[in-house]
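> For the protein sequence lines, the chains are A and B, in the order given. Its first residue numbered 4, the first sequence is counted upward by one per residue in the numbering used here. Its first residue numbered 4, the second sequence is counted upward by one per residue in the numbering used here. The structure is given below, and queries will be raised subsequently.
2 protein chains.
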Amino acid sequence: MTPSLRQIRALVAAVETGSFVQAAARLHVSQPALTVQIREMEQALGVTLFDRTARGARPTRAGAALAASFQRILAELEAVVDSAREQAARRAGVVHLAVLPSVAATLLPGALARLRAAHPGIRVMLRDAVARRVGALVRAGEADLGIGHAAAQPEPELEETPLFEDALVAVLPPGHPLAALPSLPLAALASVPLVLTDPESSLRALAEAAFAAAGLAVPRPAYEATYMSTAVALVRAGLGLALLPATAIDLRAAPELETRPVETPSDGASGSMALRRRIVLLRRRGASLSPAAEALAEVLGLLANPL
Amino acid sequence: MTPSLRQIRALVAAVETGSFVQAAARLHVSQPALTVQIREMEQALGVTLFDRTARGARPTRAGAALAASFQRILAELEAVVDSAREQAARRAGVVHLAVLPSVAATLLPGALARLRAAHPGIRVMLRDAVARRVGALVRAGEADLGIGHAAAQPEPELEETPLFEDALVAVLPPGHPLAALPSLPLAALASVPLVLTDPESSLRALAEAAFAAAGLAVPRPAYEATYMSTAVALVRAGLGLALLPATAIDLRAAPELETRPVETPSDGASGSMALRRRIVLLRRRGASLSPAAEALAEVLGLLANPL
DNA sequence: AAGGGGTCATAACCCTTTCCTATGGGTGGC
DNA sequence: GCCACCCATAGGAAAGGGTTATGACCCCTT
Numbered sequence: 004m005t006p007s008l009r010q011i012r013a014l015v016a017a018v019e020t021g022s023f024v025q026a027a028a029r030l031h032v033s034q035p036a037l038t039v040q041i042r043e044m045e046q047a048l049g050v051t052l053f054d055r056t057a058r059g060a061r062p063t064r065a066g067a068a069l070a071a072s073f074q075r076i077l078a079e080l081e082a083v084v085d086s087a088r089e090q091a092a093r094r095a096g097v098v099h100l101a102v103l104p105s106v107a108a109t110l111l112p113g114a115l116a117r118l119r120a121a122h123p124g125i126r127v128m129l130r131d132a133v134a135r136r137v138g139a140l141v142r143a144g145e146a147d148l149g150i151g152h153a154a155a156q157p158e159p160e161l162e163e164t165p166l167f168e169d170a171l172v173a174v175l176p177p178g179h180p181l182a183a184l185p186s187l188p189l190a191a192l193a194s195v196p197l198v199l200t201d202p203e204s205s206l207r208a209l210a211e212a213a214f215a216a217a218g219l220a221v222p223r224p225a226y227e228a229t230y231m232s233t234a235v236a237l238v239r240a241g242l243g244l245a246l247l248p249a250t251a252i253d254l255r256a257a258p259e260l261e262t263r264p265v266e267t268p269s270d271g272a273s274g275s276m277a278l279r280r281r282i283v284l285l286r287r288r289g290a291s292l293s294p295a296a297e298a299l300a301e302v303l304g305l306l307a308n309p310l
Numbered sequence: 004m005t006p007s008l009r010q011i012r013a014l015v016a017a018v019e020t021g022s023f024v025q026a027a028a029r030l031h032v033s034q035p036a037l038t039v040q041i042r043e044m045e046q047a048l049g050v051t052l053f054d055r056t057a058r059g060a061r062p063t064r065a066g067a068a069l070a071a072s073f074q075r076i077l078a079e080l081e082a083v084v085d086s087a088r089e090q091a092a093r094r095a096g097v098v099h100l101a102v103l104p105s106v107a108a109t110l111l112p113g114a115l116a117r118l119r120a121a122h123p124g125i126r127v128m129l130r131d132a133v134a135r136r137v138g139a140l141v142r143a144g145e146a147d148l149g150i151g152h153a154a155a156q157p158e159p160e161l162e163e164t165p166l167f168e169d170a171l172v173a174v175l176p177p178g179h180p181l182a183a184l185p186s187l188p189l190a191a192l193a194s195v196p197l198v199l200t201d202p203e204s205s206l207r208a209l210a211e212a213a214f215a216a217a218g219l220a221v222p223r224p225a226y227e228a229t230y231m232s233t234a235v236a237l238v239r240a241g242l243g244l245a246l247l248p249a250t251a252i253d254l255r256a257a258p259e260l261e262t263r264p265v266e267t268p269s270d271g272a273s274g275s276m277a278l279r280r281r282i283v284l285l286r287r288r289g290a291s292l293s294p295a296a297e298a299l300a301e302v303l304g305l306l307a308n309p310l
């Protein structure tokens, strides 16, 4: 039988004060209560912890050594508990967040800055991943929160909170003839060289579905690029137009490029397909959020109305 | 309020098993008891530790983190307690021992070897010191046991257990005329060059008291040596006879030297002074000995009848 | 030498905490 | 749709811990 916390605290106090009376006072109990605790611990351990004298209790070597160890353990315990409390109070904590790279590169930094301003103690472990992996990370509990797409069919394990809609826009090189138009009909894109993402990506699937829904032939891209930076570079080199998420394009990196919204026929009606993604906040259904994660979720909710 | 050990163990078990039912079984309590412990800890800390579902309780991040810390602390606690128990069982432990250099160099090694044979886990922290300092160390509790002299007047704080008597013997160079005698009367030493220890030492006082008690003039030593090795070297060089404790002389280091007992007139009667020291085991009165120290004391008691 | 003030130990009683049994609500699997 | 499993709740029972009162002992003082 390991001693109880009461016994541990009794030993530490008695060794430090060198007196059962003073130790009892420090622990706000009566002297007999403390005496009993010490005696029972001695019996349980089979160790004499004190030499009782008329003017106090002097710890034996074993008692002093044990008290030192106990004190260290108590300090660790206090530290651990305090830390847990701090995290509960949102003064500290860690959140694991999985994010689409496009959002991570553009809108997220501002949100994290606001989080830091509101809760400086919270650390965010960021992981960027494609949409499928974001969902998997949240489902597995490796991420507390995820920023991904609205799923085509509802997933029972994931709970979605809409953040904003991310339209696909056409990215044009300077001086391109289509840049004269304020917005581009989808049909206009069917006949020009296009830079699309790789066939496995959700963006590619979204684009192809939009063409199909509009009754247009699914375009064969002139180039396929996995990374946004590659696609932008191809456009800048005049090799075609790109269809990219509006929020994913960092125009500071390519200020000379033009972007135009894309019109789909009878946008939003059945039989057509909007060229936009619904970006959602993902969390695991039934899993409670840590206070730190809640704080982050609050801030991320502001992505719906970016400042 | 820090959580109780019960609560801590409940959390660890519940996180490890992922189920309140299994955790309760491991801790040999009912499931409601464990549920209550967890709930009260959550309230006390203000932290949600588990997400309750229909097929188990899944720890939150905070719960998992806290459980990991608690588990480490529990392991430390077990280790500390086990160590204390081991020491109580004499399987381990540390004893601080203060010893006269003469005893430390001659009889002690054998005693320590016997201790090691009987209790291999016990470590002895050895400190050699002059008689006065041996007493001081034991009195201050810096040494659990001491090997020193019987005090002239009884010291209230120290308890003495006789170990053996250590006679002063004359040490002679090879071929010395007095070596023809089987034992030397004290008077014979009054007229030859003597090597004595320094005036502050207890050995010197003992020798001088013996001469005075025998009605002889207190001899003026030809040389004074603080260390035994010096005295022996002086004798070997033919510079005089030395009066040294029999047990302190390591004859292996000087095999050619002769030793002779010294006779004091009416040895043991009043008015005379035996040329011997009573070597005693010292402990602090009222201080209980650790089991390891008791084991050492038992072995040291055998010094009275060396094997 | 005796008494007073300090210490720790013991005993009897009480109370707060904790536990157990019984039961209910809810959710997946057959 | 029912059964099996899990966790939550409630009320009575057991136990551990606490307090007060008292005793024995020692030191220091008078």
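Every residue, glycine too, gets a C-beta built ideally from N, C-alpha and C. Values in this document were obtained by computation on a predicted structure and should not be read as measured data.
Could you tell me which of B:P185, B:V141, B:E227 sits nearest to G243 of chain B, measuring between CA atoms?
Measuring from the Cα of G243 of chain B, the nearest candidate turns out to be B:E227.
> In terms of residues, what are the limits of the beta strand (DSSP E) holding P165 of chain A?
Start and end: 161–175.
> Measure the C-alpha to C-alpha separation of P196 of chain A and R263 of chain A and round it to an integer number of angstroms.
Roughly 16 Å separates the two Cα atoms.
> Have a look at H122 of chain B and A170 of chain B and give me their C-alpha separation to the nearest angstrom.
Answer to the nearest angstrom: the Cα atoms are 32 Å apart.
> Specify, as a first and last residue, the run of the alpha helix (DSSP H) that A249 of chain A falls within.
Per DSSP, A249 of chain A belongs to no alpha helix (DSSP H) and is neither H nor E.
> 9 Å is my cut-off, CB to CB: does Q25 of chain B come that close to chain A?
By this cut-off, Q25 of chain B is not an interface position.
> Distance, Cα to Cα, L14 of chain A vs G113 of chain B?
So the two alpha carbons sit approximately 38 Å from each other.
> Apart from the five residues on each side of it in sequence, which residues of its chain come closer than 7 Å, Cβ to Cβ, to R207 of chain B?
The answer, listed in chain order, is L199, T200, D201.
> Given V106 of chain A, which residues of its chain have a CB within under 6 Å of its CB, disregarding the five upstream and five downstream residues?
Excluding residues within five positions, the ones whose Cβ falls inside 6 Å are I150.
> Please list the terminal residues of the continuous beta strand (DSSP E) segment that includes E79 of chain B.
Taken as a continuous stretch (DSSP letters only), E79 of chain B belongs to no beta strand (DSSP E), being part of the alpha helix (DSSP H) at 64–91.
> Quick one: what's got a C-beta closer than 8 Å to L175 of chain A's C-beta in the same chain, skipping five residues either side?
Only L181, A182, V238, L244, L260, E261, T262, R263 meet the Cβ criterion.
> Find the residues of chain B that neighbour I76 of chain A, judging by a C-beta separation of less than 8 Å, and give them in chain order.
Those within 8 Å of I76 of chain A in chain B are I76, E79, L80, V83.
> Does any residue of chain A bring its CB to less than 9 Å from the CB of F214 of chain B?
No, no contact with chain A.
> Quick check on this structure: which residue in B:R286, B:R12, B:P294 has the alpha carbon closest to the alpha carbon of A154 of chain B?
Closest option to A154 of chain B, Cα to Cα, is B:R286.
> Do the region 289–296 of chain B and the region 62–69 of chain A meet, that is, are 3 or more Cβ pairs less than 8 Å apart?
Contact between the region 289–296 of chain B and the region 62–69 of chain A is present, because at least three Cβ pairs lie under 8 Å.
> Nearest to P268 of chain B by alpha carbon, out of B:F214, B:A234, B:A298, B:V235?
Ranking the options by Cα distance to P268 of chain B, first place goes to B:F214.
> Considering just the uninterrupted stretch of the alpha helix (DSSP H) at G149 of chain A, what are its terminal residues?
G149 of chain A -> not in any alpha helix (DSSP H); beta strand (DSSP E) instead, spanning 148–152.
> In whole angstroms, give me the CA-to-CA distance for Q156 of chain B and I282 of chain B.
Approximately 15 Å, taken between the alpha carbons.
> Please report the Cβ distance between A82 of chain A and G124 of chain A, rounded to the nearest whole angstrom; I am assuming they are in contact, meaning their Cβ atoms lie under 8 Å.
The Cβ separation is near 15 Å, so there is no contact.
> How many Å lie between R12 of chain B and E45 of chain B at the Cα?
Approximately 14 Å between the Cα atoms of the pair.
> Counting along the chain, where does the beta strand (DSSP E) carrying G138 of chain A start and finish?
Per DSSP, G138 of chain A belongs to no beta strand (DSSP E); it is in the alpha helix (DSSP H), 134–143.
> 9 Å is my cut-off, CB to CB: does Q156 of chain B come that close to chain A?
No, no contact with chain A.
> Pull up the CB-CB distance for L148 of chain B and L129 of chain B, whole angstroms please, since I reckon it's below 8 Å.
11 Å between Cβ atoms; not a contact.
> Using a Cβ-Cβ cut-off of less than 8 Å, list which residues of the region 31–58 of chain B approach chain A; keep chain order.
Correct list: L48, G49, V50, T51, D54, T56.
> I need the boundaries of the beta strand (DSSP E) containing P264 of chain A, first residue and last residue.
Residues 261–266.
> Using a beta-carbon distance below 9 Å, is R126 of chain B in contact with chain A?
Not closer than 9 Å to any Cβ of chain A, the Cβ of R126 of chain B fails to qualify, so no.
> I want to verify the contact list: residues of chain B whose CB lies under 8 Å from the CB of A87 of chain A, in sequence order.
Within chain B, the residues near A87 of chain A are L48, V50, A65, A68, L69.
> Could you check the C-alpha separation between A116 of chain A and A210 of chain A for me, to the nearest Å?
The alpha-carbon atoms of A116 of chain A and A210 of chain A are separated by roughly 33 Å.
> Under three-state DSSP, which class holds A272 of chain B?
Low confidence applies to A272 of chain B: its pLDDT is 46, below 50, so where it sits in the model is not reliable, and the reading given next is rough at best. Coil at A272 of chain B, not helix or strand.
> Take D85 of chain B as the anchor and find which of A:A16, A:P248, A:T5 has the nearest alpha-carbon.
The residue with the shortest Cα to Cα distance from D85 of chain B is A:T5.
> Determine, using beta carbons only, whether V97 of chain B comes closer than 9 Å to chain A.
Cβ-Cβ to chain A under 9 Å: yes for V97 of chain B.
> Under 9 Å, Cβ to Cβ, is there at least one residue of chain A near L8 of chain B?
With 9 Å as the cut-off, L8 of chain B counts as an interface residue toward chain A.
> Between which two residues does the beta strand (DSSP E) holding G113 of chain B run?
Segment 111–121 is the alpha helix (DSSP H) holding G113 of chain B; no beta strand (DSSP E) there.
> CA-CA distance, V50 of chain A and A87 of chain B?
Going from the Cα of V50 of chain A to the Cα of A87 of chain B covers about 7 Å.
> Which whole-angstrom value describes the C-beta separation of L80 of chain A and I76 of chain B, a residue pair presumed to lie in contact below a C-beta threshold of 8 Å?
That belief holds up - the Cβ atoms of L80 of chain A and I76 of chain B are roughly 6 Å apart, short of 8 Å.
> Between the beta-carbon of A10 of chain B and the beta-carbon of Q40 of chain B, is there less than 9 Å?
The amino acid at residue 10 of chain B is misidentified as Ala; the sequence shows Gln. Their beta carbons are under 9 Å apart, which means Q10 of chain B touches Q40 of chain B by this criterion.
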